[in-house]
Structures are given as C-alpha cells and as structure tokens.
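For the sequence shown, full-length UniProt numbering begins at 1 and goes up steadily by one.
Each residue gets a CB set at the ideal place from its N, CA and C atoms; glycine is no exception.
Have a look at the structure below before the remarks.
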Amino acid sequence: MAADGLASKALKVKRELGENTPLLSDEELMGLSVRELNHHLRGLSKEEVARLKQRRRTLKNRGYAASCRVKRVCQKEELQKQKMELEWEVDKLARENAAMRLELDTLRGKYEALQGFARTVAAHGPPAKVATASVITIVKSSANQAAYS
C-alpha cells in the first residue's frame with residue numbers, strides 16, 4: 001500500500017506541473033505493460049487517458065511501420081541478390097549450351113564424313129590401300145575422347 005501511495009503522489013506532482021507536460025516519456029509509455037499503463041492512468045481524466053492511449057498506439061504503430069520498412073528493404077536486397085545469381089546461372093547455361101551445340105555440329109560433320117567414306121567404299125569396293133590411319137584419327141578425335149571420358 002505504501003508503494004501505491006508514493007506512485008499516486010508522484011502522479012499528482014507531475015500533474016501539478018501543468019497540463020501540457022507529459023506524464024510519461026514516449027519510451028516509458030511504449031515500454032509499459034497494459035497493466036502498468038492502466039495503473040499509471042488511474043485518477044486521470046477520461047480525455048487525458050484517451051490522449052495517452054492514443055499517443056501510445058501512435059508510437060507503437062510507428063515502430064511497427066519502421067520494422068516493416070526495414071524488413072521490406074532486407075527482402076528487396078535478398079531478392080536482388082537472388083536475381084543476380086539467377087542471371088549469372090542463365091548466362092553460364094547459355095554459354096554451355098552454345099559450346100555443346102558447337103561440339104554437336106563438329107561431331108555431326110565428322111559423322112557425315114564417315115558416312116560419305118563408307119558409301120564410297122561400299123559403291124566402289126575397298127580401295128587397294130585404305131587410309132585407316134585417317135579413319136582412326138577421325139574416330140578417336142579429342143571431341144570423341146572428351147565425350148566418352
């Protein structure tokens with residue numbers, strides 16, 4: 001009970017200082033639990049209670065808005081980072097695709113050359129001296145070795 005008497009005296013002293021002086025600082029007002037706030041508001045006029053509660057709500061909303069802005073900025077930065085990583089990945093895959101197309105075209109050319117050689121051999125019979133070394137070179141080219149490695 002003695003503590004309640006001191007608290008009410010403190011509020012009376014604060015109230016006597018003038019109507020325009022705030023009873024609680026903004027930090028105190030936001031930091032109080034609802035129970036503590038209601039305890040501090042006892043004995044004040046309805047208008048003063050409503051004004052302080054509205055002030056508390058405004059301050060809390062400002063805090064929530066600020067944290068939402070920070071969260072939104074962090075999310076935006078993270079999404080931009082992901083976008084850059086994905087763009088890099090797309091470029092890398094496009095380069096790999098172009099390299100594979102080039103390799104495919106090279107292999108297709110070698111295949112067609114071998115088919116032409118096979119048709120020539122089939123149409124005219126085997127020549128007296130077949131250049132097997134050149135055939136082996138075509139079959140065992142570096143592109144084929146890389147494909148089978």
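For this session: Could you tell me the distance, in whole angstroms, from the CA atom of Gly43 to the CA atom of Val49?
Result: Per the coordinates, the alpha-carbon of Gly43 lies some 9 Å from the alpha-carbon of Val49.
Exercise. Once you ignore the five residues that flank Gly63 on each side, which residues in its own chain have a CB closer than 6 Å to its CB?
Worked result: No residues qualify anywhere along the chain.
Problem set entry | Chain-order list of residues whose beta-carbon lies under 6 Å from that of Val34 (same chain, five-residue window excluded) | Close CB contacts of Val34 within its chain, under the 6 Å cut and outside five residues either way in sequence, are absent.
For this session: Check whether the Cβ of Glu77 lies closer than 7 Å to any heavy atom of the ligand ZN, and answer yes or no.
Result: With respect to small molecules bound, the structure shown includes none, and the ligand ZN cannot be examined in it.
Exercise. Quick one: what's got a C-beta closer than 8 Å to Leu59's C-beta in the same chain, skipping five residues either side?
Worked result: If you ignore the 5 residues before and after Leu59, its C-beta comes within less than 8 Å of the C-beta of Asp26, Leu29, Met30, all in its own chain and listed in chain order.
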